[in-house]
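Numbering (this note's numbering), first residue to last: 632 to 1254.
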């Protein structure tokens, strides 16, 4: 152990959220305590990668001749464990900012839900997804000590100690070696981990592909293997799965992998994986890390955002190229033409893999699309080079598919009747909601398939698609929709002539400027009224989203379509002809309008709506 200096020991208090995090980790995540070893080894590997990068860039490094390695010491008799690396080390400021602060903004929220039973989880899943990392050690110990010295020759060495109960101390020490040593005494219930065989087994399970040797005594216990350098036919599924678990920090096997060995205008090798499930931090870059970038097997970045487009950032794995200069900045690679070419090739090959699934294994592609389809949909508005390919990869539920089943635009068009000229869609919060929407009635009656757009991403997607295969893509809510008039017997029962014109005019007078117009509907079958969008308006679902983003957003006026075959409209027409100012007529039109607002979830005054309904029921039940 390094000696303390005469400098005073300073005590710090964790921030409030850090206290909560430590409490929850210590008391709620004990199902897989051994994952702490994976996290500490992973942190050590990161530290070694960073010091190697400093050396490649010819930066000054303390003890440049020191071997890059990880050493684990086990004292089974006293239940002591230590993990030491010769990596980049930490400064005093690093200990305060990196060890004393919550790593992930979403961690506390998830932990709280997990503790209350709102989320199902185990420790391995949580730590793997949120990168809680170092803090996981508190699952197996009551006190942990860090002794560290930065690779910067001008920095001092420090000791950090904490019991995970709200405070920690930092003191200056006399440590000569570059790197970090973490040591602690295992709790009684975790003492079985202080066993050489057990540690070797855990290293093989979690950290077999760490790119640095791991020693227990004189024995090197991990098999370092850059799998991406090997040919596809030489790779075994078991080692691919283990490599994926390491690079992705996941505990499940991947859905599939893609091996690339590219030579030509740019040279690189890549081993890419599609996870089994989408990450918890959906579309949140703070919760999402994509591909590792290497240059000639030298680590550069563990989250290179520039070698895949944003909509493919769910991919995990490694890209290794010899064409980037070794002193390339970790932060700035986007301007490199090499990076741009790698991005183009990787995107092309990955989309090709998805296209192959869609053609040859529809069930596998459906499973994939349910997890990652929202990512691809976002690509429609950003990757114009591959837009046509992405359109073909889209899948949606429709009025003719069973719940959970999806169809493509190509399949939709091939099933259209000869007289159908357009592709129709309807928006809503869920399938159950849109299936009850009055705007679907005409299409269902006439056996016309309608695409269901039930997610927020779907709405942005459809704004980038105006047509497919020469056919316009149109909302069922659009007022100028081209629907042929019914020729069946029901049409003969509809209000016509002066009577129809007068009731439409009176409805518009009652509603005033709250609606753009009141017109006869050709799309309603059973319902009496529905609100539809004018030529420049937004779907109801899109307007709700806009209001969520901007509280001052003003909805556009809608057109009220009424069913002139409906008994209620016939009754209202009769009342109107008898007494233009009958209060019942006015109240009924107001109730009809507010009912249409309620259906599309835009009713602002439900109290007034309920009160009026009570009045109508009272009148109807009078003896």
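For every residue, glycine included, the Cβ atom is placed at its ideal position computed from N, Cα and C.
The shortest CA-to-CA distance from residue 1023 to any of 857, 1047, 1034 and 996 is the one to 996. With contacts defined by Cβ atoms closer than 8 Å, residue 810 and residue 718 form a contacting pair.
Within the stretch 1181-1240, the runs of beta strand (DSSP E) that reach at least 3 residues and sit entirely inside it are, in chain order, 1189-1193. Put simply, the stretch 849-868 does not touch the stretch 679-691. Fewer than three CB pairs are less than 8 Å apart.
If the five residues before and after residue 879 are omitted, its C-beta is found closer than 6 Å to the C-beta atoms of 947, all from its own chain and listed in chain order. The C-beta distance from residue 705 to residue 827 rounds to 6 Å, short enough to fall under 8 Å. Residue environment for residue 1248: exposed (fewer than 16 other C-beta atoms within 10 angstroms of its C-beta). The beta carbon of residue 640 sits closer than 7 Å to the beta carbons of 800 and 802 from its chain, once the five residues preceding and following it are set aside; these are given in chain order. Here the alpha carbon of residue 1191 sits roughly 15 Å from the alpha carbon of residue 1133. In the three-state reduction of the DSSP assignment, residue 1126 falls in the coil class. Contact between the stretch 761-780 and the stretch 811-818 is present: three or more C-beta pairs spanning the two stretches fall below 8 Å.
Within the stretch 845-886, complete beta strand (DSSP E) segments of at least 3 residues are found at 845-847, given in chain order. When the Cα atoms are used, residue 651 and residue 1085 turn out to be separated by approximately 37 Å. Contact check for residue 1156 and residue 1189: beta-carbon distance about 20 Å, past the 8 Å limit, so the pair fails to qualify. Residue 826 sits in coil when the DSSP states are folded into three classes, being neither helix nor strand.
Apart from sequence neighbours up to five positions away, the residues of its chain that approach residue 1009 with a beta-carbon distance below 8 Å are 914, 941, 942, 1088, 1091 and 1092, ordered along the chain. Between residue 666 and the set 770, 967, 711 and 984, the nearest pair of CA atoms involves 770. Judged by DSSP secondary structure, residue 901 falls outside any alpha helix (DSSP H) and instead within the beta strand (DSSP E) spanning 899-905. The residue among 896, 983, 1039 and 984 with its C-alpha nearest the C-alpha of residue 971 is 896. Secondary structure at residue 638: coil, using DSSP grouped into helix, strand and coil. As for any beta strand (DSSP E) of minimum length 3 sitting wholly inside the stretch 1026-1070, the runs are 1054-1058, ordered along the chain. The shortest CA-to-CA distance from residue 902 to any of 882, 927 and 874 is the one to 874. Residue 976 is not bridged by DSSP to any residue.
DSSP, reduced to helix, strand and coil, places residue 992 outside both helices and strands of the structure shown, so it counts as coil.
By the neighbour-count criterion, in which a residue is buried when 16 or more other Cβ atoms sit within 10 angstroms of its Cβ, residue 1154 is buried. Per DSSP, reduced to three states, the secondary structure at residue 694 is coil, with no helix or strand assignment. Taking the Cα positions, residue 1131 is about 10 Å away from residue 1150. Counting C-beta pairs with one atom in each stretch, the stretch 1103-1112 and the stretch 1054-1073 have three or more that are closer than 8 Å, which means they touch. Taking 8 Å as the upper bound for CB-CB distance, residue 821 and residue 664 are in contact here, some 6 Å apart.
Assignment of beta-bridge partners to residue 715 by DSSP yields 702 and 812.
Residue environment for residue 923: buried (at least 16 other C-beta atoms within 10 angstroms of its C-beta). Between residue 725 and the set 993, 780 and 1138, the nearest pair of CA atoms involves 780. Between the alpha carbons of residue 889 and residue 862 lies a distance of about 11 Å. For residue 687, the enclosing alpha helix (DSSP H) has its first and last residue at 666-687.
Here residue 1160 is buried. Its C-beta has 16 or more other C-beta atoms within 10 Å. Excluding its 5 nearest sequence neighbours in each direction, residue 1061 has C-beta neighbours in its own chain below 6 Å: 1085, listed in chain order.
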